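Working notes for the structure below.
In mature numbering (1 follows the signal peptide of the UniProt record, and there is no 0), the protein residues as written are -26 to -1, 1 to 473.
Below, the structure is given as structure tokens:
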């Protein structure tokens, strides 16, 4: 089943490879092609009566009395067949033409094609009047001259002297320019229609807020395309650097920068190139709306032409989910042995940070500081790490170096997570809890040199030897030592006397 294409105020071509997060209004290579249906609007206000041009719309407008700007235009190629408007016709190439006049001749088709591409609206009025050697050319005169030139080839003899009821001398001058130019410039067969195509392929995975959404790949046979989003979001390359959105080339990959976005949302990405491939395609019109036109029964056949400023575009609606709120948790340990105790002289600490809710492929920076547990004052000891996660959850480490001077203190690591490669702006996640044991390390007290051990229950200054022996205090005098020995000998004698 053929998908309906649409022609809007610009000629619209859509070709989008889209996952679930992308919605394209159609998927085609060109704006119109054989088999497409187009709606033929009223000719009122688009030229002199009898020679007015047909406005062409890709879809039947909701209000046919106010259809808006057409995407294409059309001239008549059957002078003696009545025209109908306000209904849909079927597009075909020249081989699908249902009429029987001279337009069936390839040489005539070539002259009509030359006329279309050198006249209004394919050429603007200023350019056309310059080519015809006149001034002050009106739109109605340009349309009349073009229609008469086409009929001259399709229904009359191709002698440019054929008289017509020209409204003005300017109309006649343009007519002669077109007919004489087509006779001299057109070949024996019509040239191929201008090739104009553009498409956009979206990323294979659904984007989320807070990331670079992409890649979007633009494909076109034109030198460059203009790309924009609506609502507007910055366009970048894979590294997040800005690109020239007015000069996107074939095969270029683009990303929509959602790094500063947290909520869900959507935007339409459109790639636009100049020109249209529709000029020269034929529209067959039924005599009764909704019926199929045939060679035996059809209204006036018409031929399409794109305006000089016509564009071909590809569009897709991209939607994304809200970013998960990032969280971090930390585990601070001695880098040397993994415990939570540093020597009194200091040392190296490592804080292992577990994160969740991050966007893979996006840069983050985690910055930490050591805080005194006693009074929550800053030590000035800091550390940071910039990283790009490959998954939403994972771990990263921040190193701290504690110098001498913190003996006997208890330190707590506070960590802050920032989006990007710097700590600019507000953190997107914080873990700062003085009471969290996993964030806490202690520094040993400095040793006291030369202090004797005091035995509990003794008077100050009393000392004892270890149970396994030891040295007496060096301050004991020789006399005291002799007295002790004499006392011991006396006790031994008394024990002997009592035996």
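By construction, the Cβ of each residue, glycine as well, lies at the ideal position given by its N, Cα and C atoms. Please read all numbers here as calculations on a predicted model, not as lab measurements.
Residue i versus residue j: straight-line alpha-carbon distance, rounded
i	j	result
residue 248	residue 148	26 Å
residue 322	residue 375	5 Å
residue 325	residue 417	16 Å
residue 235	residue 115	54 Å
residue 62	residue 226	38 Å
residue 393	residue 175	28 Å
residue 146	residue 254	24 Å
residue 207	residue 231	6 Å
residue 239	residue 296	8 Å
residue 144	residue 197	36 Å
residue 352	residue 362	28 Å
residue 91	residue 215	41 Å
residue 250	residue 97	13 Å
residue 389	residue 170	55 Å
residue 387	residue 242	45 Å
Buried versus exposed call for residue i [16 or more other C-beta atoms within 10 Å across all chains shown]
i	result
residue 233	buried
residue 195	exposed
residue 423	exposed
residue 315	exposed
residue 111	buried
residue 437	Only weak support exists for where residue 437 lies, its pLDDT of 41 falling under 50; the coordinates are left without a value.
residue 107	exposed
residue 78	exposed
residue 10	buried
residue 36	exposed
residue 306	buried
residue 181	buried
residue 287	buried
Reference residue i; option with closest CA among the options
i	options	result
residue 192	180, 204, 172	172
residue 57	24, 122, 89	24
residue 336	291, 229, 317	229
residue 130	98, 94, 150, 53	53
residue 8	50, 65, 31, 301	65
residue 22	122, 10, 239, 298	122
residue 55	205, 177, 258	258
residue 309	317, 292, 332	317
residue 345	139, 277, 410	410
residue 302	150, 403, 154, 40	403
residue 26	113, 68, 100, 82	113
residue 281	33, 34, 49, 209	49
residue 373	341, 39, 348	341
residue 51	401, 85, 31	85
residue 117	80, 28, 33, 160	28
residue 156	103, 82, 332, 101	82
residue 158	383, 89, 413	89
residue 395	408, 338, 334, 406	338
residue 224	201, 209, 415	201
residue 262	17, 60, 32	60
heavy atom of the ligand SAM below 7 Å from residue i C-beta
i	result
residue 304	No copy of the ligand SAM appears in this structure; indeed no ligand is present at all.
Three or more beta-carbon pairs under 8 Å between the stretch 184 to 200 and the stretch 159 to 168, yes or no?
no
Which full runs of the alpha helix (DSSP H) of 4+ residues lie inside the stretch 106 to 193, going along the chain?
Runs of the alpha helix (DSSP H) inside the stretch 106 to 193: 113 to 128, 143 to 159.
Restricting to runs no shorter than 3 residues, where is the beta strand (DSSP E) found entirely within the stretch 315 to 370?
Those beta strand (DSSP E) runs which fall completely within the stretch 315 to 370 and span 3+ residues are 321 to 330, 338 to 346, 352 to 361.
So, do the stretch 39 to 48 and the stretch 65 to 79 have three or more beta carbon pairs nearer to each other than 8 Å?
no
How about the stretch 264 to 280 and the stretch 355 to 368: do they share at least three Cβ pairs that are nearer than 8 Å?
no
Return the chain-ordered ranges of every alpha helix (DSSP H) run that is complete within the stretch 219 to 271 and spans a minimum of 4 residues.
none
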